[in-house]
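These notes are about the structure you will find just below.
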Amino acid sequence: MARIHWHWTSSSRLVWNGEIKDVEKMMPNTGIVGSRVFTAPDGNQYKWRMRITGCQLELKNGSKPQPIVARTRQKFTDIFTRTKPSLEIDESLRPFLDLIVITWVHIADEFERAMTSVAAS
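Its first residue numbered 1, the sequence shown is counted upward by one per residue in full-length UniProt numbering.
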């Protein structure tokens, strides 16, 4: 089981596999809001990329383009149809599914807060 200890004035912490990890150290920001990289138990690095219409998780294995192993599906029209976005995850990520979901929840929240502050200014 995984959980997030939210901190608004300092780095949040992720609890996963019985360990508490600082988000900034475990999943450093790659310079763009909504873009963070982490290393999974399989030894591979993965990068979340947030977009206005959803997000995708790329496997960083040196190939171009990066293979997408998880993504959300969301369209602008979903607002009117009240369709909920969904998270599609590649079968290969099943052994650490909770890590994928908890990192996605954190990055999605971070992106939403950033977009809200931009809209408010």
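Just so you know, even glycine gets a beta-carbon here, dropped at the ideal spot from N, CA and C.
When DSSP labels each residue in this structure, what does residue i get in the three-state scheme?
| i | result |
| --- | --- |
| Ser35 | strand |
| Lys64 | coil |
| Ala108 | helix |
What is the rounded straight-line gap between the Cα of residue i and the Cα of residue j?
| i | j | result |
| --- | --- | --- |
| Ile107 | Ile89 | 16 Å |
| Met27 | Thr39 | 8 Å |
| Lys25 | Arg36 | 11 Å |
| Ile20 | Arg13 | 6 Å |
| Thr81 | Arg49 | 25 Å |
Name the DSSP bridge partner or partners of residue i?
| i | result |
| --- | --- |
| Thr72 | Leu87 |
Can you tell which of the options has the C-alpha that lies nearest to the C-alpha of residue i?
| i | options | result |
| --- | --- | --- |
| Arg3 | Asp42, Asp98, Thr72, Met115 | Asp98 |
| Lys60 | Ala119, Asp42, Lys47 | Lys47 |
Am I right that residue i and residue j are in contact with their C-beta atoms under 8 Å? What's the rounded C-beta distance?
| i | j | result |
| --- | --- | --- |
| Val69 | Leu87 | Not really, about 12 Å apart at Cβ, beyond 8 Å. |
| His7 | Val15 | With 8 Å as the limit, His7 and Val15 do not qualify as a contact, their Cβ atoms being about 13 Å apart. |
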